[in-house]
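**Student:**
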Amino acid sequence: MSTLGKVRIGYKAPEFHCDAVIKGTIEEVSLSTYINENKPSWLILLFIPAAFSFVCPTEVLAFQNCLDEFRDRNCDVVFVSVDTKHSLWHWQNVPRQYGGLGQIDIALLSDANHKMSRDYGVLIEEEGVCLRGMFILDEEAVVQQITLNNLTVGRSVLEALRLLEAFQAVAKHGVLCPVDWKPSNNAMETINTISNTLTESYDERLANLQKEFGDTVVVTDLDAKHKSEGEDKAKTNSRQSSSQSNSSTGGGGSAQYNGRARSQSHSTDNTPRFSSNDCLPRRSFSSARPAHSIHSKSAPQSLNTTPTPTPSSARPPTLRKEHSQPSTARHSRD
Numbered sequence: 004m005s006t007l008g009k010v011r012i013g014y015k016a017p018e019f020h021c022d023a024v025i026k027g028t029i030e031e032v033s034l035s036t037y038i039n040e041n042k043p044s045w046l047i048l049l050f051i052p053a054a055f056s057f058v059c060p061t062e063v064l065a066f067q068n069c070l071d072e073f074r075d076r077n078c079d080v081v082f083v084s085v086d087t088k089h090s091l092w093h094w095q096n097v098p099r100q101y102g103g104l105g106q107i108d109i110a111l112l113s114d115a116n117h118k119m120s121r122d123y124g125v126l127i128e129e130e131g132v133c134l135r136g137m138f139i140l141d142e143e144a145v146v147q148q149i150t151l152n153n154l155t156v157g158r159s160v161l162e163a164l165r166l167l168e169a170f171q172a173v174a175k176h177g178v179l180c181p182v183d184w185k186p187s188n189n190a191m192e193t194i195n196t197i198s199n200t201l202t203e204s205y206d207e208r209l210a211n212l213q214k215e216f217g218d219t220v221v222v223t224d225l226d227a228k229h230k231s232e233g234e235d236k237a238k239t240n241s242r243q244s245s246s247q248s249n250s251s252t253g254g255g256g257s258a259q260y261n262g263r264a265r266s267q268s269h270s271t272d273n274t275p276r277f278s279s280n281d282c283l284p285r286r287s288f289s290s291a292r293p294a295h296s297i298h299s300k301s302a303p304q305s306l307n308t309t310p311t312p313t314p315s316s317a318r319p320p321t322l323r324k325e326h327s328q329p330s331t332a333r334h335s336r337d
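First residue of the sequence shown? That's 4 in our numbering, and the numbers climb one at a time after it.
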């Protein structure tokens, strides 16, 4: 099992069945309670470590204050905790001045058996509590976004709302959302926001890349699959023709360079030729002092001093006289 349990971005979220505290009552809920064929809405699941803690109530109350903003965008918000349904019921019914949540509309799901937390990969087994995980599910219960925080840091309501609107814009209009993308109230402005972010069009960027790097630029279908299905076919054909013309231009320049290289290789002059782009020979490593080195007092004054050869390498060993004279005498008698 992966670190995120059964959850994978781009795939359907794991099913869950648990008890929930909703407006002071305890009910049984499941994933199909919030996302089904009759109710194709978005869902944000927010896991919290424990009830009656310090950071958790600030998150619940902050999302409660902005709950209408999420519901206006066809999205439900629920919190999940490993506490029992009775603890969550008391947490919701205790007034805020006494450490409770008071009357809220957000559902509090009880994962007392830790199954949902394990399936979504947020359970800390050693402590029995959950990381602060946030999961955005689309109308088909497909996971679009995952955020995991450690226990000590809460999440941002505005960032969750921005991410929701960004993924909804992608699902509705087929646009791509760059860094710090923010929605617009006008649908046409939302579509034009992406194209106006960059100073040059897709074809111009592709042409410049292929002009600089040649045929090494590979065009993938990663961006194409996110474009709207109703895109004009003529625009697609023009992009393909533009990329092909730029690829042929890069190939011609390569052939010209190869022809010039072949003409130089047939030259009869064996004199080495150097250009300004050729690398000059470097100095010997022993003649250069390493950077940031500290000079030792015991070191020689010059780093170019030739080391004195050892006796073994100064001259080869010679035969001693007492061994050579008897040998000569024996040969003379013969």
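Heads up, the beta-carbon is just placed ideally off N, CA and C, and yes, glycines get one too. Since we're looking at a predicted model, the values are computed, not measured.
Keeping to the same chain, check which residues put their C-beta closer than 6 Å to that of G103; ignore five residues upstream and five downstream.
**Tutor:** By 1-based counting over the sequence shown, the position of residue 103 is 100. Hits under 6 Å: W94 and V97.
**Student:** For S113, which of helix, strand or coil comes out of DSSP?
**Tutor:** Taking the sequence shown and counting its residues from 1, one reaches residue 113 at position 110. Strand.
**Student:** Is there contact between the segment 24-43 and the segment 55-75, where contact requires at least three CB pairs shorter than 8 Å?
**Tutor:** As far as the Cβ criterion goes, the segment 24-43 does not touch the segment 55-75, which means the pair count is below three.
**Student:** Return the residue from the list A110, M137 and L111 that minimises the CA-CA distance to A123.
**Tutor:** Along the sequence shown, read from residue 1 onward, the residue named residue 123 stands at position 120. According to the sequence displayed, residue 123 carries Tyr and not Ala. Ranking the options by Cα distance to Y123, first place goes to M137.
**Student:** DSSP three-state label for S56, please.
**Tutor:** Position 53 of the sequence shown, counted from the first residue, corresponds to residue 56. Residue state, collapsed to three classes: coil.
**Student:** Can you tell me which of the three DSSP states D122 falls into?
**Tutor:** Position 119 of the sequence shown, counted from the first residue, corresponds to residue 122. In this structure, D122 counts as helix in the three-state DSSP scheme.
**Student:** Determine the extent of the alpha helix (DSSP H) in which F82 is found, giving its start and end residues.
**Tutor:** Here residue 82 is taken as the residue at index 79 of the sequence shown, counted from 1. It is not in any alpha helix (DSSP H) - F82 instead sits in the beta strand (DSSP E) that spans C78 to S84.
**Student:** Return the Cβ separation of A53 and L91 in integer angstroms, given the expectation that the two are a contact with Cβ distance under 8 Å.
**Tutor:** The residue you call residue 53 lines up with position 50 of the sequence shown. The residue you call residue 91 lines up with position 88 of the sequence shown. Between L91 and A53 the Cβ distance is about 10 Å, and since that is not below 8 Å, they are no contact.
**Student:** Classify W92 as helix, strand or coil using the three-state DSSP reduction.
**Tutor:** Indexing the sequence shown from 1 puts residue 92 at position 89. Reduced to three states, the DSSP call for W92 is helix.
**Student:** Just curious, the beta strand (DSSP E) that S33 is in, first and last residue?
**Tutor:** Here residue 33 corresponds to residue number 30 of the sequence shown, with the count starting at 1. Looking at the DSSP string, the run of the beta strand (DSSP E) that includes S33 is T28 to S33.
**Student:** Under 7 Å Cβ to Cβ from L34, same chain only, skipping five residues before and after it: list those, please.
**Tutor:** Position 31 of the sequence shown holds residue 34. Closer than 7 Å at the Cβ level, and outside the excluded window around L34, lie A16, E18, F19 and A144.
**Student:** Can you grab the Cα-Cα spacing for the pair S270 / V178, in whole Å?
**Tutor:** As a working mapping, residue 270 is identified with position 267 in the sequence shown. As a working mapping, residue 178 is identified with position 175 in the sequence shown. Any answer about S270 is weak, because its pLDDT of 44 lies below 50 and its placement is not dependable; what the coordinates show is given next. Answer to the nearest angstrom: the Cα atoms are 57 Å apart.
**Student:** Given I12, which residues of its chain have a CB within under 8 Å of its CB, disregarding the five upstream and five downstream residues?
**Tutor:** To locate residue 12, count along the sequence shown from 1; it is residue 9. Cβ within range, chain order: V146, Q147, Q148 and I149.
**Student:** I'd like to check one pair, F50 with V83: are the Cβ atoms closer than 7 Å?
**Tutor:** As a first step, residue 83 must be located in the sequence shown, where it is residue number 80. As a first step, residue 50 must be located in the sequence shown, where it is residue number 47. Closer than 7 Å, so yes.
**Student:** With a CB to CB cut of under 6 Å and the five nearest residues on each side skipped, what residues in its chain are close to Y37?
**Tutor:** If you number the sequence shown from 1, residue 37 lands on position 34. So the qualifying residues of the chain are L46 and D79.
**Student:** Cutting at 7 Å between CB atoms, please list the residues of its own chain near A172, excluding the five before and the five after it.
**Tutor:** As a working mapping, residue 172 is identified with position 169 in the sequence shown. Correct list, in chain order: V178, C180, P186 and T193.
**Student:** Taking the alpha carbon of A110 as the reference point, which residue from G131, S120 and K88 has its own alpha carbon closest?
**Tutor:** Looking up residue 110 in the sequence shown gives position 107. Residue K88 is the option with its Cα nearest to A110.
**Student:** Report the option in D114, F66 and T155 whose CA atom is closest to the CA atom of I107.
**Tutor:** Here residue 107 refers to the residue found at position 104 when the sequence shown is read from its first residue. Cα-wise, what sits closest to I107 is F66.
**Student:** Less than 7 Å between the beta carbons of A174 and W184, yes or no?
**Tutor:** Looking up residue 174 in the sequence shown gives position 171. Looking up residue 184 in the sequence shown gives position 181. Going by C-beta atoms, A174 is not nearer than 7 Å to W184.
**Student:** Just the Cα atoms here: how many angstroms apart are I127 and L164?
**Tutor:** Sequence index remark: in the sequence shown, residue 127 carries index 124 (1-based). Sequence index remark: in the sequence shown, residue 164 carries index 161 (1-based). If I take the Cα positions, the gap works out to 27 Å.
**Student:** Can you tell me whether DSSP reads T36 as helix, strand or coil?
**Tutor:** Mapped onto the sequence shown, residue 36 falls at position 33. Helix.
**Student:** Can the beta-carbon of E142 be found closer than 7 Å to that of P60?
**Tutor:** Mapped onto the sequence shown, residue 142 falls at position 139. Mapped onto the sequence shown, residue 60 falls at position 57. No, Cβ-Cβ distance for E142 and P60 is not below 7 Å.
**Student:** Who does V24 pair with in a DSSP beta bridge?
**Tutor:** The residue labelled residue 24 in the question sits at position 21 within the sequence shown. In the DSSP output, where bridge partners are listed per residue, V24 has I29 and L111.
**Student:** What residue range does the alpha helix (DSSP H) around F170 cover?
**Tutor:** Sequence index remark: in the sequence shown, residue 170 carries index 167 (1-based). Looking at the DSSP string, the run of the alpha helix (DSSP H) that includes F170 is V160 to H176.
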